[in-house]
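Colleague:
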Amino acid sequence: MTQDKITILDLGRMKAEGSKITMITAYDYPFAKIFSDAGVDVILVGDSVGNVFSGYDSTLPVTMDEMIYHTKAVVRSNPRALVVGDMPFMSYHVSTEETVRNAGRFLKEGGAQTVKLEGGINIKERIKAVTDMDIPVMGHIGLTPQSVHRMGGFKVQGKDDKSRRKLIEDAQAVEDAGAYAVVLEAIPADLAKDITAMLTIPTIGIGAGADCDGQVLVMHDILGLTYGRRPKFVKEYGNLKEAADASVKEFIAEVREGRFPTAEYTYEVK
Ligand code: KIV
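Last residue of the sequence shown: 271 in my numbering, with the numbers rising by one and none dropped.
(1) Is Leu168 buried or exposed, if buried means 16 or more other CB atoms sit within 10 Å of its CB?
(2) With Leu200 and Ala172 assumed to form a contact (beta carbons below 8 Å), what rounded beta-carbon distance in angstroms separates them?
(3) Measure the Cβ-Cβ separation of Met139 and Val85 and say whether it is below 9 Å.
(4) Check for me: the beta strand (DSSP E) holding Met24 runs from which residue to which?
(5) Mind the definition here: the segment 247-261 touches the segment 68-76 only if three or more C-beta pairs lie below 8 Å; say whether that holds.
(6) Measure the alpha-carbon distance for Phe293 versus Gly229 and round it to whole angstroms.
(7) Could you check if Pro146 belongs to the surroundings of ligand 1, using beta carbon to heavy atom distance under 8 Å?
(8) What residue range does the alpha helix (DSSP H) around Gly51 cover?
(9) Kindly examine ligand 1 and report whether one of its heavy atoms sits closer than 8 Å to the Cβ of Gly47.
(10) Between Gln158 and Ile188, how many whole angstroms is the CB-CB distance? I'm expecting something under 8 Å.
(11) Quick one: give me the first and last residue of the alpha helix (DSSP H) that Val256 is part of.
(12) Leaving out the 5 sequence neighbours to the left and right, which residues in its chain are closer than 8 Å to Met15 when beta-carbon positions are compared?
(13) Would you say Lys73 touches ligand 1, meaning its beta carbon is less than 8 Å from a heavy atom?
(14) Please name the residue in Ala264, Asp58 and Ala27 whose C-alpha comes closest to that of His221.
(15) What does the alpha-carbon distance come out to for the pair Glu98 and Gly105?
(16) Express the C-alpha separation of Glu265 and Ile205 in angstroms, rounding to a whole number.
(17) From Asp135 to Glu126, what does the alpha carbon distance come to, in whole angstroms?
(18) Considering only the beta carbon of each residue, do Ile44 and Ala74 sit closer than 9 Å?
(19) Taking the alpha-carbon positions, what's the Ala180 to Asn240 distance?
(20) When DSSP labels each residue in this structure, what does Thr263 get in the three-state scheme?
(21) Let me confirm a value: His150 is counted as buried when at least 16 other C-beta atoms fall within 10 Å, else exposed. Which label applies?
(22) I'd like to confirm something about Asp29: is its beta-carbon nearer than 8 Å to some heavy atom of ligand 1, or not?
(23) If Phe32 sits next to Val63, beta carbons under 8 Å apart, how far is it from one beta carbon to the other, in whole angstroms?
(24) Based on the DSSP output, what are the partners of Gln216 in its beta bridges?
(25) List, from N- to C-terminal side, the alpha helix (DSSP H) runs of 4 residues or more that fit wholly inside the segment 79-131.
(26) Provide the residue span of the alpha helix (DSSP H) that contains Gly13, from first to last.
(27) Looking at the secondary structure, which residues open and close the beta strand (DSSP E) in which Ile44 lies?
(28) Given this structure, state the Cα-to-Cα distance separating Glu176 from Asp212, to the nearest angstrom.
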């Protein structure tokens, strides 16, 4: 029996029922297929592609064309999971018109079902403009990696009263602007709990404790494929780096020692 594609309505229903939402990033066909077949609810084609795939030290250099390329690869795996395209730095910053045009590219060219934008009160008009055009929006507040230079680094947000109040206002603004869900990144667990109770839309946490309506992690972090900085909230569920290293070393050794290819892997004219 084929199960129906997951929609934004399912996520709202999951919050109401108290079923946890699972989200993971993917940037290509094979991993999107593995994750969706495993049963994940949402695949985020994250601009984290800039860090984990392209090797940049931030997400800022990632372009719209790169995001569309990765979104198309993910969508070609025909995932049951909802596909969210992450709007990169400067794709929604200049004008409302440009924001709507770029958001539309994720659906029209990429084949995603929804988009994600970073920010709160400062982008509420942009979120409203996109949702008014029937393009569903996932918000993202707290540690917003595209704001790394304003924040002075990748730092936990909402640690003092003023910034807690600001995050509560941001969360409400994102919901009021029409978003169907919001990512809460790197904020204290008790603040995430309060925001989750306050909002009617689901919250999806990354470094925001156990009381969010769902959880998201970056695929390279889960699979042990990350180089460099590993935040406290990352749990490594596997180590594909070791598996890849062992496989390639065996290939190298077999070729050098004349053990590959054997007859099994060779064409012969009878
Ligand atoms: O780009 C990304 O992977 C993200 C997640 C960290 C939520 O925005």
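We put the CB at the ideal spot given by N, CA and C, even for glycine. Keep in mind the model is a prediction, meaning the values are calculated, not measured.
Modeller: This is what the structure holds:
(1) Buried, by the Cβ-count rule.
(2) 6 Å
(3) Here Met139 is near Val85, since their CB atoms are less than 9 Å apart.
(4) Boundaries of the beta strand (DSSP E) around Met24: Ile22 to Thr26.
(5) no
(6) Limits of the chain in this structure are 2 at one end and 271 at the other, which puts residue 293 out of reach.
(7) yes
(8) Val50 to Val53
(9) yes
(10) 5 Å
(11) Leu241 to Arg257
(12) Lys21, Ile22, Asp42, Pro203, Asp214 and Gly215
(13) no
(14) From the listed residues Ala264, Asp58 and Ala27, the smallest Cα separation to His221 is found for Ala27.
(15) 11 Å
(16) 49 Å
(17) 15 Å
(18) 9 Å or more divides the Cβ of Ile44 from the Cβ of Ala74.
(19) Each residue's Cα considered, the two are about 35 Å apart.
(20) coil
(21) Counting the other Cβ atoms within 10 Å of the Cβ of His150 gives fewer than 16, which makes it exposed.
(22) no
(23) Not confirmed; about 18 Å, so no contact.
(24) Here Gln216 is bridged, per DSSP, to Thr23 and Gly206.
(25) 97-109
(26) Ile9 to Glu18
(27) For Ile44, the enclosing beta strand (DSSP E) begins and ends at Val43 to Val46.
(28) 18 Å
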